[in-house]
Amino acid sequence: MKLNDLVIIGVAAATVVSCAPAKNEYTSFELYPVRSGSLTEMEYAPEATQFTLWAPTADEVRLMLYEAGEGGHAYETVSMERAEEGTWKTKVEKDLKGKFYTFNVKIDGKWQGDTPGINAKAVGVNGKRAAIIDLRETDPEGWAEDKRPPLASPADIIIYEVHHRDFSVHPSSGIEHKGKFLAMTETGTKNPGGMATGIDHLKELGVTHVHILPSYDYASVDETRLDENKYNWGYDPLNYNVPEGSYSIDPYRPEVRIREFKQMVQALHKAGIRVVLDVVYNHTFNTAESNFERTVPGYFYRQRPDGTLADASACGNETASNRPMMRKYMIESVLYWINEYHIDGFRFDLMGIHDIETMNEIRKAASAIDPTIFIYGEGWAASAPQMPEDSLAMKANTYKMPGIAAFSDEMRDALRGPFNNNEQGAFLAGLPGGEESIKFGIAGAVKHPQINNDSVNYSKAPWAGQPTQMISYVSCHDDMCLVDRLKASVPGITPEELVRLDKLAQTAVFTSQGVPFIYAGEEVMRDKKGVHNSYQSPDSINAIDWDRKTLNADAFAYYKGLIQLRRNHPAFRLGDAELVRKHLEFLPVEGTNLVAYRLKDHAGGDTWKDIIVVLNARRESASLSVPEGKYTVVCQNGLVNEKGLATVYGPSLTVAPQSAMIIYQ
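Taking numbering that gives the first Met the number 0, the leading residue of the sequence shown gets 0, the next gets one more, and so forth.
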């Protein structure tokens with residue numbers, strides 16, 4: 000998430016949003032009634048449809064019925080009746096399937112404007128009107144039998160972060176449904192060189208989880224003008240519980256996007272891959288016109304002491320997860336994606352804006368369905384939220400949120416340089432000082448007796464209770480990709496150096512005790528032509544050129560080999576802090592830009608007794624002492640082969656420049 004990701008529409012509205020109670024009914028947001036049961040707003044049956052809207056400060060609420068998802072006027076307006084717990088209700092006793100609806104709420108004599116409600120499950124084009132459909136009719140064949148692939152431990156997870164357009168839109172992808180949900184259902188697709196692309200590529204690579212960038216209905220792409228190929232990452236929420244229309248082959252028909260999303264999940268599950276949804280509950284695209292604000296003004300957002308909108312998201316507003324109905328909304332939304340769409344995990348954007356209690360409640364609710372559902376997020380905010388820091392889901396508080404992980408910018412920036420300066424290098428550029436922060440990441444951000452936390456870049460104390468609470472990565476969508484970063488931060492880098500350092504960086508990621516995470520296309524050495532914040536750059540910047548898989552077959556083989564090594568050897572994914580402290584031992588080295596460690600005594604029940612990993616970022620060979628004995632080399636000079644590349648003998652070891660070495664006994 001970037002400070003300048005979105006057009007900041009909500010800021011202008013900050014002065015008009017007031018904390019004033021409605022007609023003295025409620026003197027504070029804390030006193031608003033909480034709706035019990037489900038927050039469903041529309042329950043369809045052929046004989047009658049029930050509508051329920053939570054709008055406790057309303058004087059009057061109208062339901063408008065439409066023939067189409069856009070254009071034309073309401074063919075019927077129905078007055079809703081005030082009911083219990085701040086709700087308004089009405090029942091329309093006819094078959095409304097195929098119709099569309101909005102609500103309009105009147106407060107203090109002013110109509111707030113049409114909204115599909117806060118909880119629409121189906122919408123028309125561009126998400127302005129909710130749709131009345133039978134959700135069971137959107138289930139693809141065999142959906143009831145769809146099962147999430149097995150997962151023994153969160154330590155086994157390998158995440159691949161992808162944007163739908165990036166993945167399939169390039170002509171070299173060989174994919175028919177370019178930029179669509181259905182792109183991830185196509186098998187047998189190849190690049191011009193005959194190498195697998197699409198879902199077959201993911202299977203070949205060996206990842207366990209595909210993290211799809213925001214795929215709920217977002218605001219910045221006009222679904223009626225898809226021929227313009229407007230691009231956005233999607234961190235601008237409109238309707239939280241409906242798939243995005245621009246990724247569908249027909250955004251005008253509400254059932255199509257829902258079915259296609261399910262087909263995508265089903266296809267990935269059949270391929271043995273789980274699906275993570277990127278969720279952005281921390282802010283909305285705009286404020287005054289948002290579904291939240293048009294329903295219950297002020298309630299769903301935090302305010303500063305002067306009554307203006309708080310803005311820890313730097314997108315114009317910050318939501319109030321600590322208020323009971325927002326918390327309930329978030330929990331119910333997550334459960335809806337799990338139950339209706341079979342989603343296997345969630346990545347929370349700017350998770351540090353949410354409070355710890357809400358995140359723990361979400362974890363608890365997800366675990367009640369399936370404890371293997373993975374939850375992680377960005378453990379920070381764009382600026383300080385309107386809550387005490389010790390109550391927020393910040394990275395430093397991760398240990399207070401068991402079963403929830405956070406991204407480690409310590410390891411990321413120690414490897415490649417700080418987020419806020421693209422030209423500044425670090426370990427990979429041959430600059431000293433990042434070694435302790437890399438060790439912090441190798442250990443999975445847990446307490447380890449050999450790590451001097453005073454020398455770690457951002458965290459002077461471990462923040463993960465378990466290593467599976469740390470996401471290990473070197474780049475993601477929201478930044479320069481690794482190839483661009485290396486070009487920008489290593490002066491005079493040669494093509495050969497670029498490949499060596501790229502491989503070295505990912506060796507640290509894939510041998511870390513944290514959960515490894517890569518940005519789609521890194522494995523074929525994608526670039527984004529140097530663009531750091533490509534959230535609305537064209538396909539020419541963002542698309543993965545699948546010809547690169549042929550050109551960089553060597554890099555792809557290395558990534559694939561590292562993933563296979565990790566999946567085959569439990570020593571690299573111990574999943575338990577005590578086991579990490581017991582089996583992970585950092586080896587002494589002379590000088591800087593060298594990190595070495597041993598996984599000893601059949602760590603995690605591994606068949607290999609001792610494994611040594613060395614990361615050498617120097618431009619010359621490095622020597623170090625290792626325990627005596629005969630070792631088999633499985634990674635050396637940019638090659639990975641589990642069956643063995645060579646034999647070496649301790650007590651001394653020499654590692655080639657700008658490369659990693661992995662040996663075992």
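Beta carbons: idealized from backbone N, C-alpha and C, even for Gly.
Item checked: Cβ shell of residue 631 (< 7 Å), same chain only, five flanking positions each side left out -> Here residue 631 refers to the residue found at position 632 of the sequence shown. The answer, listed in chain order, is 643, 646, 662, 663.
Notebook entry, point to check: Any chance the CB of residue 291 is under 8 Å from a heavy atom of the ligand FMN?
Noted result: Questions concerning the ligand FMN fall outside what the structure shown contains, since it holds no ligand whatsoever.
Next item on the list: With a cut-off of 8 Å on the beta carbons, I'd call residue 352 and residue 281 a contact; round off their distance for me.
Entry: On the sequence shown, position 353 is the one that residue 352 refers to. On the sequence shown, position 282 is the one that residue 281 refers to. Contact holds; Cβ gap of about 4 Å.
Next item on the list: Examine the Cβ distances between the segment 267 to 276 and the segment 144 to 161 and report whether three or more of them are shorter than 8 Å.
Entry: yes
Notebook entry, point to check: So what's residue 431 in DSSP terms, helix, strand or just coil?
Noted result: Within the sequence shown, numbered from 1, the residue matching residue 431 stands at position 432. It is coil, neither helix nor strand.
Check: Just curious, the alpha helix (DSSP H) that residue 570 is in, first and last residue?
Finding: In the sequence shown, residue 570 corresponds to position 571, counting from 1. Unbroken run through residue 570: none, as it is neither H nor E.
Note to self: By the DSSP assignment, the beta strand (DSSP E) with residue 635 in it spans what residues?
What the structure shows: Locating residue 635 in the sequence shown gives position 636, counting from the first residue. Element bounds for residue 635: 621 to 635.
Check: Since residue 513 and residue 470 are thought to touch, with beta carbons under 8 Å apart, how far apart are those beta carbons, to the nearest angstrom?
Finding: Counting from one through the sequence shown, the residue named residue 513 turns up at place 514. Counting from one through the sequence shown, the residue named residue 470 turns up at place 471. Confirmed, about 6 Å.
Next item on the list: Specify whether the segment 486 to 495 and the segment 448 to 457 touch according to this definition: at least 3 beta carbon pairs, one from each stretch, less than 8 Å apart.
Entry: no
Next item on the list: Apply the 10 Å Cβ neighbour rule to residue 379 and answer buried if 16 or more other Cβ atoms are within range, or exposed otherwise.
Entry: In the sequence shown, counting from the first residue as 1, residue 379 sits at position 380. With 16 or more Cβ atoms within 10 Å of its Cβ, residue 379 is classed as buried.
Checklist line | Element boundaries [beta strand (DSSP E), containing residue 49] | finding: In the sequence shown, counting from the first residue as 1, residue 49 sits at position 50. From DSSP, the beta strand (DSSP E) with residue 49 extends over 48 to 53.
Notebook entry, point to check: Given residue 28, which residues of its chain have a CB within under 8 Å of its CB, disregarding the five upstream and five downstream residues?
Noted result: Translated into the one-based positions of the sequence shown, residue 28 becomes position 29. Once the five neighbours on either side are set aside, the close Cβ partners of residue 28 are 18, 297, 298, 319, 322.
Check: Do you know how far the Cα of residue 324 is from the Cα of residue 87?
Finding: Residue numbering aside, residue 87 sits at position 88 when the sequence shown is read from its first letter. Residue numbering aside, residue 324 sits at position 325 when the sequence shown is read from its first letter. For residue 87 and residue 324, the distance between alpha carbons rounds to 16 Å.
Note to self: Please state the DSSP three-state secondary structure of residue 253.
What the structure shows: Reading the sequence shown from its first residue, position 254 is the one you call residue 253. Three-state DSSP puts residue 253 in a helix.
Check: By how many angstroms is the C-alpha of residue 306 removed from the C-alpha of residue 16?
Finding: One-based indexing of the sequence shown puts residue 16 at position 17. One-based indexing of the sequence shown puts residue 306 at position 307. Unreliable positioning characterises residue 16 in this predicted model, as indicated by a pLDDT of 40, which lies under 50. A coordinate reading is not provided.
Item checked: Minimum C-alpha distance to residue 438 - residue among 522, 580, 333 -> Counting from 1 along the sequence shown, the entry for residue 438 is found at position 439. Out of 522, 580, 333, 580 has the C-alpha closest to the C-alpha of residue 438.
Check: Buried or exposed: where does residue 110 fall if 16 or more other Cβ atoms within 10 Å of its Cβ makes it buried?
Finding: On the sequence shown, position 111 is the one that residue 110 refers to. Residue 110 is exposed by the Cβ-count criterion.
Notebook entry, point to check: Among residues of its own chain, excluding the 5 on either side of residue 192, which ones have a beta-carbon nearer than 6 Å to its beta-carbon?
Noted result: Residue numbering aside, residue 192 sits at position 193 when the sequence shown is read from its first letter. 549, listed in sequence order.
Margin query: Just list the residues that DSSP pairs residue 208 with in beta bridges.
Written below: On the sequence shown, position 209 is the one that residue 208 refers to. According to DSSP, residue 208 bridges with 158, 273.
Next item on the list: Sort 482, 436, 519, 444 by Cα distance to residue 476 and report the nearest one.
Entry: As a working note, residue 476 is residue 477 in the sequence shown. For residue 476, the nearest C-alpha among the options comes from 519.
Note to self: Please list the terminal residues of the continuous alpha helix (DSSP H) segment that includes residue 409.
What the structure shows: The residue given as residue 409 occupies position 410 in the sequence shown. Note, residue 409: alpha helix (DSSP H), 408 to 415.
Next item on the list: Count the other CB atoms, across all protein chains shown, that sit within 10 Å of the CB of residue 383; report buried if there are 16 or more and exposed otherwise.
Entry: Counted from its first residue, the sequence shown places residue 383 at position 384. Answer is exposed; the Cβ neighbour count stays below 16.
Margin query: Please report the straight-line C-alpha distance between residue 462 and residue 399, rounded to a whole angstrom.
Written below: Within the sequence shown, numbered from 1, the residue matching residue 462 stands at position 463. Within the sequence shown, numbered from 1, the residue matching residue 399 stands at position 400. Near 9 Å, if we compare the C-alpha coordinates of residue 399 and residue 462.
Check: CA-CA distance, residue 561 and residue 442?
Finding: As a working note, residue 561 is residue 562 in the sequence shown. As a working note, residue 442 is residue 443 in the sequence shown. So the two alpha carbons sit approximately 18 Å from each other.
Check: Thinking C-beta only, is residue 189 closer than 9 Å to residue 196?
Finding: Along the sequence shown, one-based indexing puts residue 196 at 197. Along the sequence shown, one-based indexing puts residue 189 at 190. Their beta carbons are under 9 Å apart, which means residue 196 touches residue 189 by this criterion.
Checklist line | Same chain only: Cβ atoms within 7 Å of residue 106, ignoring 5 sequence neighbours per side | finding: Here the question's residue 106 lines up with position 107 in the sequence shown. If we look at residue 106 and ignore the five residues flanking it on each side, its Cβ neighbours are 21, 56, 57, 58, 296.
Notebook entry, point to check: In whole angstroms, what separates the C-alpha of residue 569 from that of residue 615?
Noted result: For this step, residue 569 is matched to residue 570 along the sequence shown. For this step, residue 615 is matched to residue 616 along the sequence shown. Their Cα atoms are separated by approximately 24 Å.
Check: In terms of residue numbering, what span does the beta strand (DSSP E) encompassing residue 194 cover?
Finding: Taking the first residue of the sequence shown as 1, we reach residue 194 at position 195. Residue 194 -> no beta strand (DSSP E), and no H or E assigned at all.
Checklist line | Endpoints, beta strand (DSSP E) assigned at residue 650 | finding: Start at 1 with the first residue of the sequence shown, and residue 650 comes out as number 651. That run of the beta strand (DSSP E) goes 645 to 654.
Item checked: Integer Cβ distance of residue 414 from residue 482, believed to fall under 8 Å -> Reading the sequence shown from its first residue, position 415 is the one you call residue 414. Reading the sequence shown from its first residue, position 483 is the one you call residue 482. No, residue 414 and residue 482 are not in contact; Cβ-Cβ is about 14 Å, not under 8 Å.
Note to self: Is the beta carbon of residue 166 closer than 9 Å to that of residue 235?
What the structure shows: The residue given as residue 235 occupies position 236 in the sequence shown. The residue given as residue 166 occupies position 167 in the sequence shown. For residue 235 and residue 166, no; Cβs fall outside 9 Å.
Next item on the list: Please go through the same chain and pick out, in chain order, the residues whose beta-carbon is closer than 6 Å to the beta-carbon of residue 247, but skip the five residues on each side of it.
Entry: By 1-based counting over the sequence shown, the position of residue 247 is 248. Only 255, 256, 259 meet the Cβ criterion.
Notebook entry, point to check: At what residues does the beta strand (DSSP E) containing residue 87 begin and finish?
Noted result: In the sequence shown, counting from the first residue as 1, residue 87 sits at position 88. Residues 86 to 91.
Check: Does the Cβ of residue 171 have 16 or more other Cβ atoms within 10 Å, making it buried, or fewer, making it exposed?
Finding: Stepping through the sequence shown from its first residue, residue 171 is reached at position 172. Label assigned to residue 171: buried.
Check: Relative to the alpha-carbon of residue 163, which residue among 183, 157, 600 has its alpha-carbon at the smallest distance?
Finding: Counting from 1 along the sequence shown, the entry for residue 163 is found at position 164. The candidate whose alpha carbon is nearest that of residue 163 is 183.
Margin query: Tell me which residues share the same chain as residue 214 and place their Cβ nearer than 8 Å to its Cβ, disregarding the 5 neighbours each side in the sequence.
Written below: Position 215 of the sequence shown, counted from the first residue, corresponds to residue 214. 163, 180, 233, 242, 243, 246, 260, 276, 277.
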